[in-house]
Every structure is written in C-alpha cells, then in structure tokens.
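Note sheet for the following structure.
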Amino acid sequence: MQPQIILLKEGTEASQGRSQIISNINACQAIVDCVRTTLGPRGMDKLMVEAQGKATISNDGATIMKLLDVVHPAAKTLVDIAKSQDAEVGDGTTSVVILAGEFLKQMKPFVEEGVHSQIIIRGVRKATQLAVQFINEIAVKPKKDDEAELRQLLEKCAATAMGSKLINQQKDFFSRMVVDAVMMLDELLPLNMIGIKKVPGGALEDTLLVAGVAFKKTFSYAGFEMQPKQYTNPKIALLNIELELKAERDNAEIRLENVEEYQKVVDAEWTILYDKLEKLHLSGAKVVLSKLPIGDVATQYFADRDMFCAGRVPEEDLKRTMKACGGSILTTVADLGDSVLGTCEHFEERQIGGDRFNIFTGCPQAKTCTIIIRGGAEQFMEETERSLHDAIMIVRRAKKNDAVVAGGGAIEMELSKHLRDISRTIAGKEQMLISAIARALEVIPRQLCDNAGFDSTNILNKLRQKHAQGNRWMGVDILNEDVADNMEKCVWEPSLVKINALSAASEATCLILSVDETIKNPKSGEGPAPQGRPGARRPF
Ligand code: ADP
Ligand code: MG
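Under full-length UniProt numbering, residues 1 to 540 are what the sequence shown spells out, in order.
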C-alpha cells in the first residue's frame with residue numbers, strides 16, 4: 001500500500017497556475033475602480049465610514065486605500081504602493097494605483113495567451129527603465145540661483161498638488177503659505193517641524209501661519225488668569241514633573257498617633273512642592289511648561305511671581321518647543337542652569353477663534369513653524385490638513401530636486417509616444433509589451449477627461465496628434481474641455497513624483513505577475529474538524 005503523503009496542513013487552500021494570475025489581476029482591477037474617479041481637479045471625493053462609525057471624506061489616494069481595508073492578498077500590494085508613494089513623495093498616490101491597475105490590465109491578454117510571466121516582467125521593466133530615463137532627459141530645470149524663479153516654481157508645484165483637492169478654490173492662498181512654511185525650515189527640511197493645528201470656526205482664508213511653535217492652551221486652574229500672557233526673551237523651563245499636591249494612593253497606609261504627626265506629613269508634602277516651585281522661580285524661568293499636570297497651588301504660586309505655566313502639554317508639542325527654543329525636558333529641578341532652559345524672542349497667549357493658543361516666535365535653535373487651519377466641519381479641516389501635507393511634501397521634494405514636468409496627462413502622453421517609437425525599433429515579443437505599456441500610460445489623461453465629463457476619445461486623439469507633431473507638453477485643459485500646453489498653463493509637477501509613481505506601479509505589476517500560486521493557511525481552529533474522532537475536542 002502506498003503511504004499517504006501530506007504536504008500541507010488540512011484545510012490549506014492552494015490555487016495556482018495561469019488562472020491564479022488572472023484572478024489576482026481581476027482583484028486589483030476592483031480596487032482600482034474604487035479610486036479611479038478621484039483623479040484630477042475634477043475628481044470626486046470618497047466618503048468612508050469605518051466600523052466605529054467614524055466618517056472620513058478624502059480625495060487622497062493613500063488615505064482611501066488605507067481605509068478600504070483590503071483583504072485580498074494580491075490586491076494589498078496596491079495599498080502598499082499607495083502608502084509608499086505617500087511616504088516617499090506625498091503626492092501622486094491615486095495616479096500610482098491607477099497606473100498599476102492599467103499596466104496589469106494591458107498585460108492580462110498576454111497572460112491569457114500563454115506568454116510566460118518572466119518575459120512579460122522583463123518587458124515591463126524595460127519599458128519603465130526607458131520611461132524613467134526619458135523623464136530625466138526632458139524635465140525642465142530652472143536656474144537654481146534665481147531666488148524668485150525657484151519660489152515661483154515651488155508655488156506652481158504646490159498649486160498643482162492642491163488643484164485636485166477640496167481646497168482648490170483657495171489654492172493660491174495656500175500654495176503661498178505652504179512655500180513660506182517650507183522656506184522657514186532648515187536645510188534638512190524636517191517634516192515634523194511644521195506643526196498643523198485645527199481650530200473649528202472661521203473661514204478657510206483665516207488659516208494662518210505662525211513662524212514658531214504654537215499649541216492650544218492647556219487645561220488650567222484658578223490663578224491662571226492672573227498670570228502674564230506675554231513676554232519678550234523669556235527663559236523657558238520644559239518639564240516632565242508633576243507640580244501638584246499628590247492625592248494619597250489607594251494602597252498607602254500611614255499609621256499616626258497624634259495630630260502633630262499628621263500635620264508633619266501634610267507639611268512635608270507642601271515643602272516638597274514649594275521647594276520645586278522655588279527652584280523654578282530662582283532659575284529665572286518665566287514660562288514653565290510640563291507634560292504632566294500643574295496644580296492650583298503651583299498655578300497660584302507662579303501667578304504671584306509673574307510667571308506663566310501650562311501643564312499637560314502634549315508630548316509632541318513639548319518636543320517641538322524643545323527643538324525650537326533649546327533647553328531640555330527635565331525630570332528633576334535639582335540643577336536648573338541656563339543650559340537646560342530654552343528661550344525665544346517672543347511668547348504670547350493669543351485668542352484664535354474659540355481657542356487660546358500659546359505661541360512662541362523667534363526661536364533660536366531649529367527653524368519651525370505652525371499652520372493653524374480654520375474652517376467649518378471637522379472632516380473638511382481634516383481633508384485640508386491632508387491636502388496641505390501633500391503640498392508640503394511636494395514643495396520639499398521640489399526644493400531638493402527641482403526638475404519639473406507638465407502635468408494634466410502631458411508627461412504621460414509624451415512618454416507614451418516615446419515608448420511607442422522605441423517599440424517599433426525592437427524585434428521580438430518585447431515590441432508588443434512595450435507598446436502595451438505605452439498604451440497603458442494613456443490612462444491618466446483618459447481618466448482626467450472621464451472624471452471631468454469630457455469626450456475622452458476625442459481629446460486623446462487630439463493629444464496624440466499634437467505629440468506626434470512635437471508639442472511636448474500638450475495635456476488636458478480642464479477649464480476649457482480642450483488640449484493646452486500645460487507647461488505654459490503652469491500645471492507643473494516635480495519629475496520625481498512621476499518617476500516614483502512609474503517605478504512603484506511597475507514594481508507592483510511585476511510582483512503580481514510573478515505570483516503563480518497562493519497558499520493560504522487555515523486559521524487555527526477554523527479548519528475542518530479532524531476526521532475519525534467525532535466529538536473530539538479540537539486542538540487550538
Ligand atoms: P494624485 O493622488 O495622484 O496626486 P490627484 O487627484 O491629485 O491624484 O490628481 C493628479 C492629477 O491631476 C495629475 O495627473 C495632475 O497632472 C492632474 N492635474 C492637476 N491639476 C491639473 C490642472 N489644473 N489641469 C489638468 N490636470 C491637472
Ligand atoms: Mg495630487
């Protein structure tokens with residue numbers, strides 16, 4: 001008798017072969033269809049409701065993909081590339097998903113006809129390589145030393161990034177603000193040095209940029225109102241200490257014989273607290289911030305001595321203050337020298353909308369700034385924050401690497417033409433593959449048209465003709481349902497966004513094409529009950 005060979009655990013699902021690749025491609029297509037309509041200035045937004053009922057409105061590809069909660073293992077790749085695009089360049093997250101989907105769609109017939117995956121993958125890689133090379137060749141680089149020109153370039157890129165968002169009406173206002181914000185940073189352009197705060201109320205145009213650290217006034221006790229709210233060149237103490245009389249812990253037990261002893265215990269508590277407060281006062285600090293609570297006694301003490309305090313400051317804000325104003329976050333007040341105290345040129349507490357803000361400006365150490373977003377609905381402000389994040393990322397990228405290309409499908413059409421031209425010079429299967437990728441690139445202008453309600457076939461025909469005549473930057477003109485030179489129209493995007501999107505999309509395509517077998521382990525306890533032992537307890 002032949003012994004039975006069991007390779008995989010019972011209940012394991014395994015599917016393989018060509019049909020497996022096709023089914024993975026189909027799954028990806030379904031994902032792409034979800035985000036397809038959000039592309040471009042006329043794209044629609046999505047409202048996503050999570051399990052707990054939290055609603056998010058967004059146009060940002062990465063946000064949508066994150067919230068989609070995809071379970072299909074292959075389709076998850078698309079979520080990953082959207083996330084990586086978001087982390088790497090910040091914008092182009094919808095484009096990257098749509099491109100990957102279209103690459104796969106164009107490769108599907110080849111898979112169906114039995115072309116080997118490895119050949120297809122080689123073709124896709126080659127096409128991507130050619131495309132990236134070509135983008136680098138034709139990208140426009142402004143003169144670096146010209147300050148005004150650079151600024152204009154950055155503003156244009158920021159405006160294009162925000163052009164497709166909810167806030168596109170105010171994109172000029174915001175692009176100036178975003179460029180100002182990024183210009184305030186130091187050379188490394190650290191993203192976390194731009195704080196973004198949201199205050200409900202007011203109009204979107206009331207959004208303001210503070211050249212320094214700002215955070216919402218924290219919870220305060222009586223006595224706070226007597227504290228001064230404005231200083232010039234104050235010393236700032238940053239603490240991780242509780243300045244409060246401690247309530248007795250549940251598990252503490254003190255046995256006392258008489259009233260005097262009780263009084264001593266109480267006195268000791270006060271002495272400890274007053275000792276800390278006195279040290280802070282003597283150090284010359286005018287502003288005391290703590291991550292932990294500052295109680296009413298301390299608040300009153302500081303008020304009597306013309307000092308300002310704020311307890312329960314969020315850690316992130318405290319850290320930013322430390323980086324900006326210098327000093328260190330202290331866990332003891334034993335050694336309060338000038339070296340551990342921060343300082344800034346100006347501190348004040350200001351009313352913004354319904355909230356009061358603590359604002360530190362003229363910070364000597366790191367260059368930092370805070371954007372305070374105003375607006376109506378919470379969801380609207382959240383989307384504004386995401387859009388600003390996109391724009392800030394783009395400006396940072398463009399500042400580091402200032403080559404730009406024209407958006408609105410112009411660069412994609414030019415790439416498409418370039419690849420098609422090259423494919424004709426190649427003999428062999430790669431010819432078909434490269435020209436298929438060329439066709440796939442047209443999806444961006446087509447989708448831009450579809451989303452705006454234009455006749456996409458008509459516009460694409462016009463674009464193909466213009467590009468064949470050598471009009472390199474012809475793209476979709478969203479305002480006039482026509483084609484236009486998008487370089488002149490100032491629809492500019494950093495070339496890096498496009499390069500990254502192309503590479504990521506092609507990587508995802510290759511990955512999905514190279515998977516020809518999925519093996520799914522059954523979850524413990526979920527597989528079919530072990531046979532032959534009815535009623536036996538299932539193992540975990
Ligand atoms: P992504 O998440 O990929 O950035 P968007 O919804 O921001 O998606 O859309 C970006 C696309 O819209 C890009 O292809 C860009 O070139 C195009 N686009 C942006 N502004 C304009 C405009 N004013 N005219 C035409 N196309 C534009
Ligand atoms: Mg965008």
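For every residue, glycine included, the Cβ atom is placed at its ideal position computed from N, Cα and C.
Assignment of beta-bridge partners to H346 by DSSP yields T232 and T361. Rounded to whole angstroms, the gap between the alpha carbons of T457 and V483 is 12 Å. Ranked by how close their Cα comes to the Cα of R125, the residues N136, M107 and I138 have M107 in first place. When the Cα atoms are used, T38 and G407 turn out to be separated by approximately 16 Å. Residue pairing of A55 in beta bridges, as defined by DSSP: V49.
About 16 Å separates the CB atoms of E316 and K217; that is not less than 8 Å, and the two are not in contact.
S283 sits in coil when the DSSP states are folded into three classes, being neither helix nor strand. For a cut-off of 8 Å, the C-beta gap from L341 to K235 is around 5 Å, short enough to register as a contact. Per the C-alpha coordinates, the member of A82, S23, T56 and I31 positioned closest to L502 is A82.
Only residues of its own chain outside the window of five on either side were considered, and among them G353, R374 and G375 have a CB closer than 8 Å to the CB of G202, listed in chain order. Here P73 is exposed. Its C-beta has fewer than 16 other C-beta atoms within 10 Å. Contact between the stretch 394 to 407 and the stretch 137 to 155 is present: three or more C-beta pairs spanning the two stretches fall below 8 Å.
The C-beta of R18 has fewer than 16 other C-beta atoms within 10 Å across all chains shown, which makes the residue exposed. For E493, the closest of A508, A505, L511 and W473 by C-alpha to C-alpha distance is W473. At least one heavy atom of the ligand ADP falls within 7 Å of the beta-carbon of L39. Closest by C-alpha distance to N192, out of A324, D485 and A440, is A324. Counting the other Cβ atoms within 10 Å of the Cβ of E225 gives fewer than 16, which makes it exposed. In the displayed model, K520 falls within a strand according to three-state DSSP. A377 is not a Cβ neighbour of L99, given a cutoff of 8 Å. The criterion of a C-beta distance shorter than 8 Å is not satisfied by L238 and K367. Taken through DSSP and simplified to helix, strand or coil, S84 comes out as helix.
At least one heavy atom of the ligand ADP sits closer than 7 Å to the Cβ of S164. Put simply, the backbone Cα of Q133 is about 22 Å away from that of L104. Scanning its chain for C-beta atoms nearer than 7 Å, with the 5 sequence neighbours on each side dropped, one finds around G43 the residues T37, N59, S164 and N451, in chain order. Note that the C-beta distance between Q20 and D390 is not below 8 Å. The C-beta distance from P445 to V476 rounds to 5 Å, short enough to meet the 8 Å contact threshold. For L189, the three-state secondary structure derived from DSSP is coil.
In this structure, D60 has its beta carbon less than 7 Å from a heavy atom of the ligand ADP. Within 7 Å of the C-beta of T384 there is not a single heavy atom belonging to the ligand ADP. Along the length of the stretch 481 to 520, whole alpha helix (DSSP H) runs at least 4 residues long occupy 495 to 514, reported in chain order. A straight line joining the alpha-carbon of K399 with that of L209 spans about 20 Å.
The C-alpha of A161 is placed about 18 Å away from the C-alpha of I194.
DSSP places I426 outside any beta strand (DSSP E), giving it a letter other than H or E.
Sequence-distant Cβ neighbours of K319 in its own chain, meaning closer than 8 Å and more than five residues away, are I329. If you compare the alpha carbons of L166, I394, K520 and E507 with that of L153, the shortest gap goes to I394. The stretch 401 to 455 contains, as complete alpha helix (DSSP H) runs of 4+ residues, the segments 410 to 423, 429 to 441 and 443 to 452 (chain order).
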